[in-house]
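Chains as they are written, first to last, in our numbering: chain U, 753 to 1078; chain B, 770 to 1090. From the three backbone atoms N, C-alpha and C, an ideal C-beta is built for every residue, glycine too.
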Amino acid sequence: MSHEPTPPAPPARGDALYHPHRTLRRLAGPLFGVACFVATLTGVVVLSVLLGSVIARVLQGAPGHAWYDVTGNVRRLFAFLAEVIGRKQSSDPLAAGFKMGVIGSLWLLGLVAVFAIPVGVGAAVFLEEYAPAGRLKRIIQTNIANLAGVPSIVYGILGLALFVRAFGFKALALGPSLWAGSLTLSLLILPVIVIATQEALRTVPPSLRQAALALGATRWQMVRDHVLPAALPGILTGTILGLSRAIGETAPLLMVGAAGSILRAPKGPSDRYTALPVEIYNYAKEADARFQTVAAAGILLLLILLLSMNATAIVIRNRYARQRSS
Amino acid sequence: MTTAPTTTPAAPPEDPHWAGPSRFLALQEHAVTAFLFVCAAITVLTTAGIVLVLSVETLEFFHVSKVGVFDFLFGTVLRPEGDPPLFGVLPLAWGTFVVAAGSSVIALPIGLLSAIYLSEYAPRRLRAVLKPALELLAGIPTIVYGYLALLLVTPVLKAVFEPLGLQVETFNALSACVVVGVMIIPMVSSLSEDVLSAVPRGLREAAYGLGATKFEVSTRVVLPAGLSGVVASFILAVSRAIGETMAVVLAAGMRPQITLNPLTQIETMTTYIVAVTGGEASYGSPKYLSLFAVGMSLFAVTLTLNVLSGLVLRRYREVYH
């Protein structure tokens, strides 16, 4: 009997280097996908839980309808919100409201817009259109990026020492007035506006600038008549986002003296004031549970204010986009 | 930057339509340039102002209170009302660390997974809905999150832990960790998502061509390629958690202590600053000035983290052509 040499084993399957782990791989993919999806949903879930619980809490202040009576509840909700807007601050939870806070916040909004928008847009235009590339520009740019990450309470400290007290120089000190509050908030949102405006300016095609300059426009004429209008939707969006950040800030206002109890509306920027989020904070930390309902109503007011600002930003952007394309 | 020429066109010598260079326009040009420069300078002055205010008042604090820098940085007891008053910053640093660590445990994995989902898995239309929703979450004022901690998180914690025989205080560190964690999720996810989406398609397609599954492409190709951005977003989120004020004020309470029990009150640096301004401390007293020293520490920590984040992003970025 002659032994024939055994044929070489087929390669592949038993190869030490070939471990397909098919089942594992087939399982891991979908599992990971589901995990990612669930993680993404947490955000949305949190958002709805947040809104739901706040609305539920507000409705506790206006009982009388079953939960499934949607229209009745919505009407109650808005009636209660309107009531709360009309009332001043009070130590009685049934008479407490946000009138002075809303007025103060609107004052702040207006003043911050006046201070922060020109300076923010100006700084961005300087960086994008005027500053020569080099060390100066790099320093300013890095500085703005770092400012954007400074905690808001540090701005509060700055405002306290610089605007409210002016390092102890009585003549320059603004005191806990609307001036101090709005200047502090303006510094706080400046980086947001600058960065948004810069991004908007970068989307303007260079050919537009070259065409303007070639026709003999000065640099400012080019910026004013061509670059800024073209970048306006982006600038507006960024500006409104910055302003909505200012409206929601609480910590710096607590530092620069937005007072707890203000019963008269400020008549001018040098009067004392309070703001909506500050009042929410004051109510929320009360031990009496009925104040929680008032605080919830305030939060709803704040969110409505922010949402309408953001909606305005979107509408402006869309309208402009259509005009320019037609 | 534009590549536009900087010289104004010279006038042709004998052109009757050319009125000559306008002095008004030249003046306007100078004025506008100066104004814009001042605007840009204000941003630099803000930083200078912050540094100046913090350092001057911090020196004043050490001078007035006679507290040594070493005692401040490594003191484990904070008792500004005591006799003698003790100003150890460590209890505040510990509270801040607990909140930052706890919220990172929640936010970093969730944020990263949602970034991967948005950039790799999500169908385009779902993504168009989810991304704005996450951005909306980022725009909610922090006071709202603080209120949510009181209204929702703490009662839930009480319902969970009290049957187990654990005492849950109304203000506790855990609820602060939860709400701050939720708050910084959008930060992690949107920054990471930007980086992951920017990884070129060719890289993914090459991996698919070699037989990789979607899971493998996401975790072994896309994630390593975008790692610098992901790490940078983590650092930024931690820095944000450290500087967070209102959510912590309403959730975590105001008792400076070094404890491992997350169900009791703690105090963070930010909370202390708010507590001092809200309190009765008179201007110039050691307690009042200690606010600036704590603020200085806070500013130093967050600035370091932000700079670090920028460095990571620049230094370790994979550049594709």
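Please look up how many angstroms separate the CB atoms of Ala945 of chain B and Val846 of chain B, rounded, as I've assumed it's under 8 Å.
With a Cβ gap of about 22 Å, Ala945 of chain B and Val846 of chain B do not count as contacting.
Grouping DSSP H, G and I as helix and E and B as strand, with all else coil, what is Arg973 of chain B?
helix
Which first and last residues belong to the alpha helix (DSSP H) in which Tyr1057 of chain B is found?
Pro1055 to Arg1084 is the extent of the alpha helix (DSSP H) around Tyr1057 of chain B.
Closer than 8 Å to chain B by CB, Gln1044 of chain U
With its beta carbon less than 8 Å from one in chain B, Gln1044 of chain U belongs to the interface.
So which of U:Trp931, U:Ile837 and U:Ser904 has the shortest CA-CA distance to Arg1150 of chain U?
Since the first and last residues shown for chain U are 753 and 1078, residue 1150 of chain U lies out of range.
Should the segment 987-1007 of chain U be regarded as contacting the segment 818-835 of chain U, the criterion being three or more beta carbon pairs within less than 8 Å?
no
Go through its chain and collect everything with a Cβ distance to Val946 of chain U's Cβ below 6 Å, but skip five positions before and after it.
Gly872, Ala875, Ala876 and Ile896
Please confirm if the segment 819-834 of chain B is in contact with the segment 1051-1070 of chain B, defined as three or more CB-CB distances below 8 Å between the two stretches.
yes
In chain B, which residues lie less than 7 Å from Ser1013 of chain U when you measure between Cβ atoms?
At a beta-carbon threshold of 7 Å, none of the residues of chain B lie near Ser1013 of chain U; the nearest stands roughly 13 Å away.
Helix, strand or coil at Leu1015 of chain U [DSSP, three-state]:
coil
CA-to-CA distance, Val975 of chain U to Ser1078 of chain U, given in whole angstroms:
The predicted model places Ser1078 of chain U with a pLDDT of 46, which falls under 50 and marks its position as unreliable; any figure quoted below should be read in that light. Roughly 22 Å separates the two Cα atoms.
Could you tell me which residues DSSP pairs with Phe856 of chain B in its beta bridges?
B:Leu847
Compare the C-alpha of Arg774 of chain U against each of B:Met1023, B:Arg792 and B:Gly980 and name the closest.
B:Gly980
Could you work out which residues of chain B lie near Tyr882 of chain U, taking near to mean beta carbons separated by less than 8 Å?
Chain-order list of chain B residues neighbouring Tyr882 of chain U: Thr802, Leu805 and Phe806, by C-beta distance under 8 Å.
Touch check for the segment 908-920 of chain B and the segment 1018-1038 of chain B: three-plus C-beta pairs under 8 Å?
yes
Outcome for Leu935 of chain B when other beta-carbon atoms lying within 10 angstroms are tallied against a minimum of 16
exposed
Cutoff 8 Å: Arg971 of chain U Cβ touching any chain B Cβ:
yes
Would a check of beta-carbon distances place Val822 of chain B closer than 8 Å to chain U?
Interface criterion met: the Cβ of Val822 of chain B is under 8 Å from a Cβ in chain U.
Whose C-beta lies closer than 6 Å to the C-beta of Ile905 of chain U among residues of the same chain, with five residues either side of it excluded?
Ala1003
Using the rule of at least 16 other Cβ atoms within 10 Å of the residue's Cβ for burial, across every protein chain shown, is Met770 of chain B buried or exposed?
With a pLDDT of 45 at Met770 of chain B, under the threshold of 50, the modelled position of this residue cannot be trusted; read the value that follows with caution. Per the 10 Å Cβ criterion, exposed.
How big is the Cα-Cα spacing for Leu921 of chain B and Arg809 of chain U?
10 Å
Suppose you measure from the CA of Thr982 of chain B to the CA of Val990 of chain B; what does that come to, to the nearest Å?
One C-alpha to the other measures close to 11 Å.
Enclosing alpha helix (DSSP H) for Met1023 of chain B [first to last residue]:
Segment: none, Met1023 of chain B is in no alpha helix (DSSP H) and carries neither H nor E.
Proximal residues of chain B, C-beta to C-beta of Ile892 of chain U below 9 Å:
Ala809, Ala810, Thr812 and Val813
Would you verify that the beta carbon of Leu1082 of chain B is, or is not, closer than 8 Å to some beta carbon of chain U?
Under the Cβ criterion of 8 Å, Leu1082 of chain B is not counted among the residues facing chain U.
Whether Leu1101 of chain B touches Tyr1057 of chain B by CB criterion (8 Å)
There is simply no residue 1101 of chain B to check, as chain B begins at 770 and stops at 1090 in what is shown.
Residue nearest to Gly911 of chain U in terms of C-alpha spacing, selected from U:Asn898, U:Leu888, U:Ala969 and U:Leu935
U:Leu935
What residue from B:Val801, B:Pro1055 and B:Val898 has the CA that sits closest to Asp852 of chain B's CA?
B:Pro1055
Considering only their Cβ atoms, is the gap separating Phe867 of chain U from Ser708 of chain U smaller than 8 Å?
Nothing about residue 708 of chain U can be reported from this structure: the residues present for chain U run from 753 to 1078 only.
Kindly indicate the opening and closing residues of the alpha helix (DSSP H) around Glu904 of chain B.
Arg893 to Ala907
Pick from B:Val1007, B:Leu899, B:Pro854 and B:Val1045 that is closest to Pro903 of chain U, judged by C-alpha positions:
B:Val1007
Reduced DSSP category for Met770 of chain B - H, G, I as helix; E, B as strand; rest coil
Reliability fails at Met770 of chain B, whose pLDDT of 45 lies under 50, so the model's placement of it is uncertain and the value that follows must be treated cautiously. Three-state result, Met770 of chain B: coil.
In this structure, does DSSP put Arg777 of chain U in helix, strand or coil?
helix
So for Pro955 of chain B, helix, strand or coil by DSSP?
Residue state for Pro955 of chain B is assigned as helix, using DSSP reduced to three classes.
Is there a Cβ from chain B that is less than 8 Å from the Cβ of Gly874 of chain U?
yes
Excluding five sequence neighbours on each side, which residues of the same chain lie with their C-beta closer than 8 Å to the C-beta of Leu1058 of chain U?
The residues are Ser996, Ile999 and Gly1000.
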